[in-house]
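For reference, the structure is listed below as structure tokens.
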Amino acid sequence: MAQAASKPMTKTQLVAALADEMGSDKKTAAAALDAISAIVSRTVAEGGAVTLPGIGKVACRARPERQVRNPQTQEMMTKPADKVVKVTIAKALKDSVNA
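At position 40 of the sequence shown the residue is numbered 40 (the numbering used here), and the sequence of numbers has no breaks.
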């Protein structure tokens, strides 16, 4: 199922494609997708990481307190420490896109 680069696949389209790939019904595919989403969200929120083989690694990392500039006023201000979700793309996916 090819998608235009400017229009991402919706959840409904992803569930349909997943059901087709699994040889299953949409209800089972939706449950599988929701379960994967819940596991990734819970694990990353707890500070862990999840590797999705062939896709990449989703992880949470802490960012320290830092100085940032307000682009409208050019004023420097301190942004408090926070956490950010980082996705590292697998080499196999990069290679398939550039093939």
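For each residue, glycine too, the CB sits at the ideal point set by N, CA and C.
Exercise for the section: Using 10 angstroms around the beta-carbon of Ala29, count the other beta-carbons present and answer buried if the total reaches 16, otherwise exposed. Expected result: Indexing the sequence shown from 1 puts residue 29 at position 29. It counts as buried.
Problem - Three-way DSSP call (helix, strand, coil) for Ile55 in this model - result: Working through the sequence shown from its first residue, we reach residue 55 at position 55. Coil at Ile55, not helix or strand.
Handout entry: Close Cβ partners of Lys83 (< 6 Å) along its chain, the five nearest in sequence each way excluded
Key = Taking the sequence shown and counting its residues from 1, one reaches residue 83 at position 83. Same-chain partners within the cutoff: Cys60, Ala62.
Problem - Contact set for Lys79: own chain, Cβ-Cβ below 8 Å, skip 5 residues either direction - result: For the purposes of this step, residue 79 is taken as residue 79 along the sequence shown, with counting starting at 1. Cβ neighbours of Lys79 beyond the five flanking positions: Glu65, Arg66, Gln67, Val68.
Practice task
Kindly identify the DSSP beta-bridge partner or partners of Met77.
Solution key: On the sequence shown, residue 77 is found 77 positions in, with the first residue counted as 1. BP columns for Met77 point to Val68.
Exercise for the section: May I have the straight-line CA-CA distance separating Ala35 from Ala45, to the nearest angstrom? Expected result: Looking up residue 35 in the sequence shown gives position 35. Looking up residue 45 in the sequence shown gives position 45. Rounded to whole angstroms, Ala35 to Ala45 spans 15 Å at the Cα level.
Exercise for the section: Keeping to the same chain, check which residues put their C-beta closer than 6 Å to that of Ala81; ignore five residues upstream and five downstream. Expected result: Against the sequence shown, residue 81 aligns to sequence position 81. Pro64, Glu65.
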